[in-house]
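K.L.:
I'd like to ask some things about the structure below.
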Amino acid sequence: MEKMKMKKMDIKKSIIKNELNKINRYNNCRFHMPGHKGRGEAFALYDYDITEIPGADNLHDAQGIIAQAQEKLAAIYQSDEAAILVNGTTTGIHSAILGSCAPGAQLLVPINCHRAVFGALGLGRIDGVFITPEIDENMGFAHSVSVASVRQALAENPQIGGMILTNPSYYGTTSDIAKIAETLHDQEKFLIVDEAHGAHLHFSDKLPQDALSAGADVVIQSTHKILGSLTQSSLIHFQGSLVDRPKIKSFLSLLQSSSPSYPLMISVEEAVDAAYEKGEIIFNMIVAAHREFCQKQNGQEAITLYNGNGLANGYDRSKWLFQTRGIAGTEVAAQLSAKYGIQCEMSSANHVLAMTGIGTNQDDLARITQAIYDINKTIKLELTLEKEPKTPSQRWKHIDFTAALQTEMPLWEALAAEHQDKMALNTAVGQLVGDFIIPYPPGIPVLLPGSRISPEMAVYLNDLLDHQVAVVGIDANRAVTILKKEPVIMEKNHQGQLIVIEGVDGSGKQTQTQLLYDRLVKQGEKVMKISYPRYDKQSSAMVKLYLEGAFGKDPGTISPYIASTFYAADRYASYKEDYEDFLTQGGLVLVDRYTTSNMVHQAGKIKNPEERKRFLDWLWDYEFNLYGLPIPDRVFFLNIPPEINQQLIKNRNNKITGKQQKDIHENSPEHLRDSYQSALSLVAEYGWTEINCVQNNQLRSIESIHQEIWECIKERKSND
Numbered sequence: 004m005e006k007m008k009m010k011k012m013d014i015k016k017s018i019i020k021n022e023l024n025k026i027n028r029y030n031n032c033r034f035h036m037p038g039h040k041g042r043g044e045a046f047a048l049y050d051y052d053i054t055e056i057p058g059a060d061n062l063h064d065a066q067g068i069i070a071q072a073q074e075k076l077a078a079i080y081q082s083d084e085a086a087i088l089v090n091g092t093t094t095g096i097h098s099a100i101l102g103s104c105a106p107g108a109q110l111l112v113p114i115n116c117h118r119a120v121f122g123a124l125g126l127g128r129i130d131g132v133f134i135t136p137e138i139d140e141n142m143g144f145a146h147s148v149s150v151a152s153v154r155q156a157l158a159e160n161p162q163i164g165g166m167i168l169t170n171p172s173y174y175g176t177t178s179d180i181a182k183i184a185e186t187l188h189d190q191e192k193f194l195i196v197d198e199a200h201g202a203h204l205h206f207s208d209k210l211p212q213d214a215l216s217a218g219a220d221v222v223i224q225s226t227h228k229i230l231g232s233l234t235q236s237s238l239i240h241f242q243g244s245l246v247d248r249p250k251i252k253s254f255l256s257l258l259q260s261s262s263p264s265y266p267l268m269i270s271v272e273e274a275v276d277a278a279y280e281k282g283e284i285i286f287n288m289i290v291a292a293h294r295e296f297c298q299k300q301n302g303q304e305a306i307t308l309y310n311g312n313g314l315a316n317g318y319d320r321s322k323w324l325f326q327t328r329g330i331a332g333t334e335v336a337a338q339l340s341a342k343y344g345i346q347c348e349m350s351s352a353n354h355v356l357a358m359t360g361i362g363t364n365q366d367d368l369a370r371i372t373q374a375i376y377d378i379n380k381t382i383k384l385e386l387t388l389e390k391e392p393k394t395p396s397q398r399w400k401h402i403d404f405t406a407a408l409q410t411e412m413p414l415w416e417a418l419a420a421e422h423q424d425k426m427a428l429n430t431a432v433g434q435l436v437g438d439f440i441i442p443y444p445p446g447i448p449v450l451l452p453g454s455r456i457s458p459e460m461a462v463y464l465n466d467l468l469d470h471q472v473a474v475v476g477i478d479a480n481r482a483v484t485i486l487k488k489e490p491v492i493m494e495k496n497h498q499g500q501l502i503v504i505e506g507v508d509g510s511g512k513q514t515q516t517q518l519l520y521d522r523l524v525k526q527g528e529k530v531m532k533i534s535y536p537r538y539d540k541q542s543s544a545m546v547k548l549y550l551e552g553a554f555g556k557d558p559g560t561i562s563p564y565i566a567s568t569f570y571a572a573d574r575y576a577s578y579k580e581d582y583e584d585f586l587t588q589g590g591l592v593l594v595d596r597y598t599t600s601n602m603v604h605q606a607g608k609i610k611n612p613e614e615r616k617r618f619l620d621w622l623w624d625y626e627f628n629l630y631g632l633p634i635p636d637r638v639f640f641l642n643i644p645p646e647i648n649q650q651l652i653k654n655r656n657n658k659i660t661g662k663q664q665k666d667i668h669e670n671s672p673e674h675l676r677d678s679y680q681s682a683l684s685l686v687a688e689y690g691w692t693e694i695n696c697v698q699n700n701q702l703r704s705i706e707s708i709h710q711e712i713w714e715c716i717k718e719r720k721s722n723d
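Start counting the sequence shown at 4; every next residue gets the next number (the numbering used here).
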C-alpha cells in the first residue's frame with residue numbers, strides 16, 4: 004500500500020500559543036496559578052530540553068547533578084530526602100499511597116482530599132476509611148480535620164495503617180498537623196500530607212506551620228502553585244522510618260514519564276532557590292496587605308475578604324478568598340476580568356479566590372484592592388439581599404458528603420465495571436455513577452465511581468452548574484455516566500399474580516390501590532386487595548408499639564432487623580389467613596405496601612453499602628424463604644420527593660390513632676429522606692416500575708397517575 008500524500012491545507016499556526024498571547028495581553032494581572040505570574044528571569048526552554056546524555060544524570064536513577072539538586076532541595080526544606088516530580092503532585096500522591104498500602108489495607112482519608120487520593124485507592128484496591136472535616140457553615144467549605152476525629156477513627160478502625168491529609172486546603176485553611184502526626188506516630192502509623200498548596204509555607208513565619216516541620220512522614224508539594232516552577236512540576240519529601248521509601252520510589256519510577264523534562268526539573272530547583280532567597284520578604288508583604296484589607300472592611304460590604312479569624316490552626320493569607328453577598332461570585336470574577344484585567348483562580352456562587360504567589364508584587368495587590376473597592380461601591384446590598392437566591396453553599400447543609408462517597412462495590416471494581424449510555428442527571432437519581440463527579444477547582448470529588456446519586460446531590464450539582472461552576476464528570480447536556488447493573492430477578496414462587504403499590508409515607512398508595520382494584524373488578528378480574536400493616540389485627544401489635552415510639556422516638560436508633568420482624572409477622576399472618584389459597588388458585592392480589600416497605604424504610608437506616616446489602620439479603624431470605632411469602636410479580640413505586648411528601652403528611656391523621664399526632668416515621672424528616680433515597684436505589688436494583696407523581700414541582704392528578712399504572716398493567720397482560 005502506498006503512503007498517503009500529505010494534503011495541502013491552509014492551517015492556522017500555533018493556535019494554542021497565539022490564543023494564550025491574546026489572553027495574556029488582556030488579563031495581565033494574574034491572581035491564579037502558577038505562582039510566577041508570568042514574571043521572572045525566563046530561560047530558553049529549548050536550550051535545556053535534552054535527554055539523559057552523559058553528564059546530564061537520570062531522574063529515575065539520580066547519581067549526578069539531579070541527585071545534587073535534590074540534596075540541596077531537601078536541605079532547604081530540612082527533610083531527610085527530596086525527589087523532583089515531573090508528572091505533578093498527582094503522581095507523588097499515587098506513589099506515596101501505593102507504596103505504603105497493600106491491596107485491602109485501610110487508609111484514613113478526609114473527604115475533602117483531591118481526586119488523586121481516590122484514584123490511588125481504586126488503583127491499589129485500598130479501603131478508604133472516610134472522615135468528615137470541620138465545616139465553616141458561613142463560607143460553605145471544609146476548613147480542618149480535628150484531632151478528635153482522627154482519634155475516633157483509629158479507635159473504631161484499628162487496622163488503619165496510616166492517613167493522608169490535605170494541608171493547607173485549596174482555600175488556605177489548615178489542620179493541626181503536629182498533633183495529628185503525634186497521634187498517628189504513637190500507634191506506629193504514618194502520615195502523608197498533600198501539601199500541593201503549601202510549598203511556600205516554609206519560607207515565612209507569618210504563614211501557618213508546614214507539614215515537614217510538623218512531623219509528617221511524606222509530603223508532596225506543587226512548587227508551581229504558589230512558588231515559581233513550571234506547571235506540572237512538584238516535589239516529594241521523606242522523613243522518618245515509618246514508610247517504605249524504596250517502594251514509594253519504585254512506584255514513582257513506574258508512574259512518571261520515562262522521558263522526564265529537564266526544563267521542569269530546572270524550574271523546580273530555581274523556584275525553590277528564589278523562595279529561599281526572597282520568599283520571606285514577598286510573603287510577608289502579601290500577608291501584611293491581606294491583614295490591612297481585612298482591617299479596613301466593616302463587614303457591611305457586598306464583597307468581603309475572608310480573614311480566617313477563629314481558625315485554631317492558622318490561615319494561609321497568600322489566598323485572597325472573597326465572600327460575596329447580593330452578587331454572585333462568578334459575576335464579580337467576570338467584572339474583575341472585563342473591567343480591570345484581573346484574572347482570578349476560581350469563582351463560585353458566593354466566592355472568588357485570588358491566588359497570590361512569589362511573582363505577585365505590590366502593584367498587583369493595590370490593583371485588586373482598588374477593583375474590589377470600586378465594585379463594592381456599585382452594589383446596594385440592602386436591596387439585593389432580599390432577592391438573593393439559595394446558593395449551592397447553602398444547599399450543601401442537607402447533604403451527608405461522607406455517605407455520598409460510599410460505594411456499593413469496591414472502588415477498583417467500579418472503575419473496571421461496564422458503563423451504560425449516559426443519562427440525564429435528574430433521571431440518574433438512584434443510579435450508580437460510573438465516573439468521578441468533581442467540582443473543579445478545587446478537584447475534590449463529591450461522588451466516586453460506584454456511588455449512588457441521591458436527590459439532594461442532584462439538586463446540589465444542578466445548582467453548581469447553574470452558577471457556572473465546572474463539574475468534571477457531567478457533560479454539557481448535564482448527563483452522567485452510570486454503571487450497567489442487572490436488576491435482581493424476582494422469580495415467581497406462586498401461581499397467581501401479586502402486584503405491589505409502594506411509596507414513602509403520604510404518596511397515595513392506598514388511593515391508587517383502590518382505583519386499580521375498582522377498575523380490575525369492572526373488567527371482570529378475579530382480584531383481592533390488602534393493605535399493610537393490618538392495624539385492626541393482633542398480628543400488627545408490635546408494629547403499632549414500634550410506630551408509637553415504645554422502643555424509641557427516633558427510628559434510626561431501632562435495629563432494622565428487629566423492626567422488620569414486626570412487619571413480617573403481620574404479613575405472614577395475613578398470607579395464611581387471607582389470600583394463600585386465592586393466589587394459589589390463580590387470583591390477582593393487589594397489595595398496598597409489602598416486604599418492599601421493609602426494604603425502603605429499614606434499609607434506609609443503613610448508610611454503609613456493604614451492611615445495607617447484607618440486610619437486604621437477610622430480609623429476602625427471612626420473608627420469602629423462611630416465611631415462604633409470595634415474591635411480587637410487579638412493584639410500582641410512587642415517586643414523590645420528600646419536600647412535597649412531608650407537606651402531604653402534615654395534613655393527614657395518624658392511621659393508627661386517627662389523630663393529628665404523627666408516628667415516629669412520619670415525625671422524622673431525616674428518616675423520610677433516607678427512606679426516599681433507599682427507595683430510589685431499590686427501583687434501580689430490583690427493576691421496580693417508577694411512577695413519577697410530580698411534574699414541574701406540581702403534584703400530578705390522581706387520575707393521571709392511575710392511568711399510567713393502568714397502561715403498565717395492560718401492557719403486562721397483553722404480553723402474558
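Beta carbons: idealized from backbone N, C-alpha and C, even for Gly.
Computed from a predicted structure; not experimentally measured.
Taking the straight line between their C-alpha atoms, what separation do you get for N700 and I251?
P.N.:
For the purposes of this step, residue 700 is taken as the residue at position 697 of the sequence shown. For the purposes of this step, residue 251 is taken as the residue at position 248 of the sequence shown. Looking at the two C-alpha atoms, the distance is approximately 53 Å.
K.L.:
For the alpha helix (DSSP H) that L641 lies in, which residues bound it at each end?
P.N.:
Walking along the sequence shown from the start, residue 641 turns up at place 638. Per DSSP, L641 belongs to no alpha helix (DSSP H); it is in the beta strand (DSSP E), R637 to N642.
K.L.:
Going by DSSP in three states, G122 sits in which element: helix, strand or coil?
P.N.:
Along the sequence shown, read from residue 1 onward, the residue named residue 122 stands at position 119. DSSP places G122 in helix when its eight states are reduced to three.
K.L.:
Compare the Cα-Cα distances from D557 to each of V594, A571 and Q605 and report the closest residue.
P.N.:
Locating residue 557 in the sequence shown gives position 554, counting from the first residue. Among V594, A571 and Q605, the Cα nearest to that of D557 belongs to Q605.
K.L.:
Taking buried to mean at least 16 other C-beta atoms within 10 Å of its own C-beta, is K390 buried or exposed?
P.N.:
For the purposes of this step, residue 390 is taken as residue 387 along the sequence shown, with counting starting at 1. Because K390 sits at a pLDDT of 47, beneath the cut-off of 50, its placement in the model cannot be relied upon, and the point is left open.
K.L.:
Between N429 and A479, is the Cβ-Cβ spacing less than 8 Å?
P.N.:
For the purposes of this step, residue 429 is taken as the residue at position 426 of the sequence shown. For the purposes of this step, residue 479 is taken as the residue at position 476 of the sequence shown. No, these two residues do not count as a Cβ contact at 8 Å.
K.L.:
Leaving out five residues on either side along the sequence, give the residues of the same chain with a beta carbon under 8 Å from the beta carbon of G164.
P.N.:
Along the sequence shown, read from residue 1 onward, the residue named residue 164 stands at position 161. Within the same chain, G164 has close Cβ partners S103, C104, A108, Q109, L110, K192 and F193.
K.L.:
For G231 versus A292, is the C-beta spacing smaller than 8 Å?
P.N.:
As a position in the sequence shown, residue 231 is number 228, starting the count at 1. As a position in the sequence shown, residue 292 is number 289, starting the count at 1. Not closer than 8 Å, so no.
K.L.:
Tell me which residues share the same chain as L386 and place their Cβ nearer than 7 Å to its Cβ, disregarding the 5 neighbours each side in the sequence.
P.N.:
Locating residue 386 in the sequence shown gives position 383, counting from the first residue. Low confidence applies to L386: its pLDDT is 46, below 50, so where it sits in the model is not reliable enough to give any reading.
K.L.:
Which word fits K393, buried or exposed, when buried means at least 16 other C-beta atoms lie within 10 angstroms of its C-beta?
P.N.:
Here residue 393 refers to the residue found at position 390 of the sequence shown. Only weak support is given to the placement of K393: the predicted model assigns it a pLDDT of 48, under 50, and the value that follows is read from those uncertain coordinates. Classification for K393: exposed.
K.L.:
Give me the Cβ distance between N310 and S178, rounded to the nearest whole Å; I'm assuming they're in contact under 8 Å.
P.N.:
Within the sequence shown, numbered from 1, the residue matching residue 310 stands at position 307. Within the sequence shown, numbered from 1, the residue matching residue 178 stands at position 175. Going by Cβ atoms, the distance from N310 to S178 rounds to 19 Å, so no, they are not a contact pair.
K.L.:
DSSP three-state call for S396: helix, strand or coil?
P.N.:
For this step, residue 396 is matched to residue 393 along the sequence shown. Note that S396 scores 47 on pLDDT, short of 50, meaning its location in the model is unreliable; the coordinates nonetheless yield the value given after this. Three-state result, S396: helix.
K.L.:
Could you compute how far the alpha carbon of L501 sits from the alpha carbon of K512?
P.N.:
As a position in the sequence shown, residue 501 is number 498, starting the count at 1. As a position in the sequence shown, residue 512 is number 509, starting the count at 1. Cα to Cα, L501 sits roughly 15 Å from K512.
K.L.:
Kindly indicate which residue of L215, N364 and S260 has the alpha-carbon position closest to the one of N287.
P.N.:
Mapped onto the sequence shown, residue 287 falls at position 284. Nearest option by C-alpha distance: N364.
K.L.:
Go ahead and label H422 buried or exposed: buried means 16 or more other beta carbons lie within 10 angstroms of its beta carbon, across all protein chains shown.
P.N.:
Against the sequence shown, residue 422 aligns to sequence position 419. Counting Cβ neighbours within 10 Å, H422 comes out exposed, since fewer than 16 surround it.
K.L.:
Any idea what DSSP makes of E711, helix, strand or coil?
P.N.:
In the sequence shown, counting from the first residue as 1, residue 711 sits at position 708. Three-state result, E711: helix.
K.L.:
Could you tell me the distance, in whole angstroms, from the CA atom of D624 to the CA atom of H674?
P.N.:
In the sequence shown, counting from the first residue as 1, residue 624 sits at position 621. In the sequence shown, counting from the first residue as 1, residue 674 sits at position 671. Roughly 25 Å between the two C-alpha positions.
K.L.:
What do you get for K322, buried or exposed, if any count of 16 or more other CB atoms within 10 angstroms of its CB means buried?
P.N.:
As a first step, residue 322 must be located in the sequence shown, where it is residue number 319. K322 comes out buried.
K.L.:
As an exercise, report each continuous alpha helix (DSSP H) stretch of at least 4 residues that is fully enclosed by the stretch 259-334, in chain order.
P.N.:
If we require 4 residues or more, the alpha helix (DSSP H) runs fully inside the stretch 259-334 come out as 265-299.
K.L.:
To the nearest angstrom, how far is the alpha carbon of N170 from that of E551?
P.N.:
Taking the first residue of the sequence shown as position 1, residue 170 is located at position 167. Taking the first residue of the sequence shown as position 1, residue 551 is located at position 548. Spanning the two alpha carbons is a distance of roughly 48 Å.
K.L.:
Measuring straight from C-alpha to C-alpha, what distance separates Q710 and E459?
P.N.:
Translated into positions along the sequence shown, residue 710 becomes position 707. Translated into positions along the sequence shown, residue 459 becomes position 456. C-alpha separation (whole angstroms): 29 Å.
K.L.:
When we look at the beta-carbon of T599 and count the other beta-carbons within 10 Å, is it buried (16 or more) or exposed?
P.N.:
Working through the sequence shown from its first residue, we reach residue 599 at position 596. So T599 ends up on the buried side.
K.L.:
Return the chain-ordered list of same chain residues with a C-beta closer than 6 Å to the C-beta of Q212, the five sequence neighbours on each side being excluded.
P.N.:
Mapped onto the sequence shown, residue 212 falls at position 209. Around Q212: no qualifying Cβ.
K.L.:
Please confirm whether A357 and C347 have their CB atoms less than 8 Å apart.
P.N.:
As a working note, residue 357 is residue 354 in the sequence shown. As a working note, residue 347 is residue 344 in the sequence shown. Their beta carbons are under 8 Å apart, which means A357 touches C347 by this criterion.
K.L.:
Keeping to the same chain, check which residues put their C-beta closer than 8 Å to that of I708; ignore five residues upstream and five downstream.
P.N.:
For the purposes of this step, residue 708 is identified with residue 705 of the sequence shown, where counting begins at 1. So the list reads G511, Q515, L641, I694 and C696, once near-sequence residues are dropped.
K.L.:
Between which two residues does the alpha helix (DSSP H) containing P563 stretch?
P.N.:
Start at 1 with the first residue of the sequence shown, and residue 563 comes out as number 560. Start and end: P563 to S577.
K.L.:
Pick out whichever of P612, S260, E714 and P37 has its Cα sitting closest to the Cα of S684.
P.N.:
Here residue 684 corresponds to residue number 681 of the sequence shown, with the count starting at 1. Nearest C-alpha to S684: P612.
K.L.:
Compare the Cα-Cα distances from F34 to each of F585, Q66, E273 and F325 and report the closest residue.
P.N.:
Here residue 34 refers to the residue found at position 31 of the sequence shown. Checked all of F585, Q66, E273 and F325; the closest Cα to F34 is F325.
K.L.:
List, from N- to C-terminal side, the beta strand (DSSP E) runs of 3 residues or more that fit wholly inside the stretch 27-98.
P.N.:
The stretch 27-98 contains these whole beta strand (DSSP E) runs: 32-34 and 84-88.
K.L.:
Alpha carbon to alpha carbon, how far is A407 from V449?
P.N.:
Here residue 407 refers to the residue found at position 404 of the sequence shown. Here residue 449 refers to the residue found at position 446 of the sequence shown. Taking the straight line joining both Cα atoms gives about 7 Å.
K.L.:
Within this structure, are the beta carbons of Y173 and H200 separated by less than 8 Å?
P.N.:
Here residue 173 is taken as the residue at index 170 of the sequence shown, counted from 1. Here residue 200 is taken as the residue at index 197 of the sequence shown, counted from 1. A contact, by the Cβ cut-off of 8 Å.
K.L.:
Express the C-alpha separation of H188 and S244 in angstroms, rounding to a whole number.
P.N.:
Position 241 of the sequence shown holds residue 244. Position 185 of the sequence shown holds residue 188. The alpha-carbon atoms of S244 and H188 are separated by roughly 11 Å.
K.L.:
Kindly identify the DSSP beta-bridge partner or partners of H354.
P.N.:
Walking along the sequence shown from the start, residue 354 turns up at place 351. Q326, per the DSSP bridge assignment.
K.L.:
Could you please give me the residues that DSSP links to S534 through a beta bridge?
P.N.:
For the purposes of this step, residue 534 is identified with residue 531 of the sequence shown, where counting begins at 1. Bridge partners of S534: D595.
K.L.:
In the stretch 158-222, which residue ranges form an unbroken alpha helix (DSSP H) of at least 4 residues, counting only runs that do not cross its ends?
P.N.:
Listed in chain order, they are 180-188 and 214-217.
K.L.:
Spatial neighbours of M12 within its chain, please: C-beta separation below 8 Å, excluding the five flanking residues on both sides.
P.N.:
Here residue 12 corresponds to residue number 9 of the sequence shown, with the count starting at 1. Low per-residue confidence applies at M12: pLDDT is 49, beneath 50, and the placement is therefore not dependable, though the value from the model is reported in the following sentence. Around M12: no qualifying Cβ.
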